[in-house]
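For reference, the structure is listed below as structure tokens.
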Amino acid sequence: MANYYNIDDILTEEEFVPVVFHKAANGVLIDPSSETNSVEQGAKVELPLWLAQELCLRQAVSISAPACFNQKTRLEIQADAACVDLRSRSPYFYEFGCKIAPLVGDKTVEVLLLSAFKIRYKEILTKAYTAAHTSTLKFLTLLTKEETNLYEAAQSSMAAFKKWRKGGPRLQRASVLGRKRKPIE
Amino acid sequence: MHGRKAYQLVKDFASGEKGHLKSFNNELFDRVIEECNEHHNALQSLIRKMQEEGLEVQTAKNADHYGALIHHLSLIRNKRCLMAYVYNRAEIVRELAWNVGLLHELPHEIQEKLNETEEQYFKDHSKSLKLYMSQMNLDVNVDMVPPKDPYIKVRVLEDLGSGIILSDKTANFARHSMHFLKRTDAEQYISRDKDVSY
Numbered sequence: 001m002a003n004y005y006n007i008d009d010i011l012t013e014e015e016f017v018p019v020v021f022h023k024a025a026n027g028v029l030i031d032p033s034s035e036t037n038s039v040e041q042g043a044k045v046e047l048p049l050w051l052a053q054e055l056c057l058r059q060a061v062s063i064s065a066p067a068c069f070n071q072k073t074r075l076e077i078q079a080d081a082a083c084v085d086l087r088s089r090s091p092y093f094y095e096f097g098c099k100i101a102p103l104v105g106d107k108t109v110e111v112l113l114l115s116a117f118k119i120r121y122k123e124i125l126t127k128a129y130t131a132a133h134t135s136t137l138k139f140l141t142l143l144t145k146e147e148t149n150l151y152e153a154a155q156s157s158m159a160a161f162k163k164w165r166k167g168g169p170r171l172q173r174a175s176v177l178g179r180k181r182k183p184i185e
Numbered sequence: 001m002h003g004r005k006a007y008q009l010v011k012d013f014a015s016g017e018k019g020h021l022k023s024f025n026n027e028l029f030d031r032v033i034e035e036c037n038e039h040h041n042a043l044q045s046l047i048r049k050m051q052e053e054g055l056e057v058q059t060a061k062n063a064d065h066y067g068a069l070i071h072h073l074s075l076i077r078n079k080r081c082l083m084a085y086v087y088n089r090a091e092i093v094r095e096l097a098w099n100v101g102l103l104h105e106l107p108h109e110i111q112e113k114l115n116e117t118e119e120q121y122f123k124d125h126s127k128s129l130k131l132y133m134s135q136m137n138l139d140v141n142v143d144m145v146p147p148k149d150p151y152i153k154v155r156v157l158e159d160l161g162s163g164i165i166l167s168d169k170t171a172n173f174a175r176h177s178m179h180f181l182k183r184t185d186a187e188q189y190i191s192r193d194k195d196v197s198y
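Quick mapping for you: the protein sequence lines, in order, are chains A and B. If you're matching positions, the first sequence starts at 1 in UniProt numbering and goes up one per residue. If you're matching positions, the second sequence starts at 1 in UniProt numbering and goes up one per residue.
So, in structure tokens, the structure goes:
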């Protein structure tokens with residue numbers, strides 16, 4: 001239940017997956033291409049993950065691999081994982097893959113995620129420690145949310161270390177006040 | 001549509017800076033609640049339809065059952081999004097109470113962004129913390145690392161008026177005056193950006 005209130009978890013589950021309905025469903029406005037308020041058996045629809053997961057457990061649909069794990073992405077990752085723009089596929093690429101893997105029944109997804117993550121992790125850490133601000137901006141746009149958190153954590157630990165060595169002021173204004181905010185008009 | 005408004009609400013929260021609040025999105029919040037009511041009504045009508053057809057609601061797995069299921073799941077999803085929104089904002093309000101100083105006035109820009117219930121929550125939280133500290137005779141809001149020097153030199157940035165009562169004397173906090181204060185007293189003013197330390 002630790003993930004119930006977690007914002008990232010909620011946003012991960014909003015990603016769309018293609019499903020095929022095994023049973024018909026009445027009175028719902030899910031299928032945009034049907035005229036009536038119902039979904040027929042065998043209809044192919046894009047559903048958000050939270051809905052698809054529950055329906056799959058009750059054997060009403062079957063899920064197929066979403067577009068961000070298709071062959072094109074796999075080839076790009078095999079070529080050079082560090083330069084692949086994962087954020088454009090999905091900003092929650094890894095979490096999404098972890099949730100999809102048991103539902104789709106495709107074993108290769110896990111291997112793919114792991115290899116991509118290993119290579120990118122090394123890149124993230126080296127870039128964080130040797131940051132020259134201009135050159136890393138393009139790199140940051142390729143990262144998923146999880147990787148961005150890692151990057152920021154590495155940078156803040158580096159900054160804290162430098163501050164400790166320099167010996168900065170011990171007491172500071174609360175960070176919550178530290179920004180100019182526009183008052184609501 | 002199923003869960004889209006709730007998704008927008010959560011995204012609205014996530015798009016703010018980490019640790020900073022945006023103003024409480026009353027409009028979107030109310031629309032999500034309206035959507036919940038719609039789902040609930042649709043659910044009721046589908047179940048009634050099934051009962052009219054004489055089917056057992058629990059076991060018959062016809063099209064209406066799955067429609068009702070989808071409405072039920074959307075309801076649960078909306079509930080989760082609403083609760084996560086309120087919960088995460090409450091966490092930030094707690095941090096505010098802790099950092100900015102208990103029961104002191106929040107700056108105006110932050111005050112505008114809070115809901116009435118959130119303001120009340122801030123006051124109640126500060127009161128409970130103060131009660132706890134007074135019963136324990138311990139001020140948990142000071143710096144955790146014991147300093148080398150119990151006194152600290154500060155310069156006042158804003159005019160707080162005269163007659164401020166500190167723990168061992170009264171002081172006149174006119175702007176740009178320098179004082180030699182005890183560290184525990186000075187800290188609350190420094191964190192609210194009224195003083196600068198040397």
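Backbone N, C-alpha and C fix where the C-beta goes; we use that ideal spot for every residue, glycine too.
The beta carbon of Trp164/A sits no closer than 9 Å to any beta carbon of chain B. Counting C-beta atoms within 10 angstroms of its own C-beta, Ser38/A has 16 or more neighbours from the protein chains shown and is therefore classed as buried. Remark: C-beta atoms of Phe24/B and Lys113/B approach each other more closely than 9 Å. Using a Cβ-Cβ cut-off of 9 Å, Ser74/B counts as an interface residue toward chain A, since at least one Cβ of chain A sits closer than that to its own. Legend: CB atoms of the region 52 to 77 of chain A lying less than 9 Å from CB atoms of chain B belong to residues Glu54, Leu55, Arg58 and Ala60.
Inter-residue distance for Lys162/A and Lys127/A is about 17 Å (C-alpha atoms, whole angstroms). Under the three-state reduction of DSSP output, Ser90/A falls in the coil class, being neither helix nor strand. Contact of Tyr129/A with chain B by beta-carbon distance below 8 Å is absent, the smallest such distance being about 22 Å. With a cutoff of 9 Å on beta-carbon distance, Glu15/A and Leu86/A are scored as not near each other. Only those residues of the region 2 to 23 of chain B whose C-beta falls short of 8 Å from the nearest C-beta of chain A are listed: His2, Gly3, Tyr7, Val10, Lys11, Phe13, Ala14, Glu17, Gly19, His20 and Ser23.
Proximity of Tyr151/B to chain A, defined by a Cβ-Cβ separation below 9 Å, is not satisfied.
Under the three-state reduction of DSSP output, Glu119/B falls in the helix class. Of the candidates Tyr66/B, Arg183/B, Glu27/B and Lys18/B, Glu27/B places its Cα closest to the Cα of Leu82/B. Lys23/A counts as buried, since no fewer than 16 other beta carbons sit within 10 angstroms of its beta carbon. Under the criterion of beta carbons closer than 8 Å, Val10/B and Asn78/B do not qualify as touching, at roughly 11 Å. Contacts with chain A at 9 Å (Cβ-Cβ) include Arg80/B. Residue range Met178 to Lys182 is occupied by the beta strand (DSSP E) that includes Leu181/B. Between Asn41/B and Asn26/A, the C-beta spacing is not below 9 Å. DSSP, reduced to helix, strand and coil, places Pro48/A within a strand of the structure shown. Looking at Ala68/B, Val154/B, Ala84/B and Tyr66/B, the one whose alpha-carbon comes closest to that of Thr184/B is Val154/B. For Phe13/B, no beta strand (DSSP E) run applies; the uninterrupted alpha helix (DSSP H) run containing it begins and ends at Arg4 to Ala14, by DSSP. Interface annotation, Glu14/A: in contact with chain B, CB-CB separation under 9 Å. For Ala63/B, a Cβ of chain A is located within less than 9 Å of the residue's own Cβ. The three-state secondary structure of Phe24/B, taken from DSSP, is coil. If you check each beta-carbon in the region 120 to 133 of chain B against every beta-carbon of chain A, none falls closer than 9 Å. For Pro48/A, the C-beta contacts it makes with chain B under 7 Å involve Gly3, in order along the chain. In this structure the region 70 to 87 of chain A does not lie against the region 99 to 107 of chain A, because fewer than three pairs of beta carbons, one per stretch, are closer than 8 Å.
With a 10 Å radius around the Cβ and a threshold of 16 neighbouring Cβ atoms, Lys5/B comes out buried. Taking the C-beta atoms as reference points, Phe21/A is found nearer than 9 Å to Val45/A. Excluding its 5 nearest sequence neighbours in each direction, Glu13/A has C-beta neighbours in its own chain below 6 Å: Leu49 and Trp50, listed in chain order. Taking the Cα positions, Arg165/A is about 11 Å away from Met158/A.
Those residues of the region 142 to 166 of chain A placed with their C-beta closer than 7 Å to a C-beta in chain B do not exist. Annotated as distal: Ile119/A and Leu150/A, with beta-carbon spacing of 9 Å or more.
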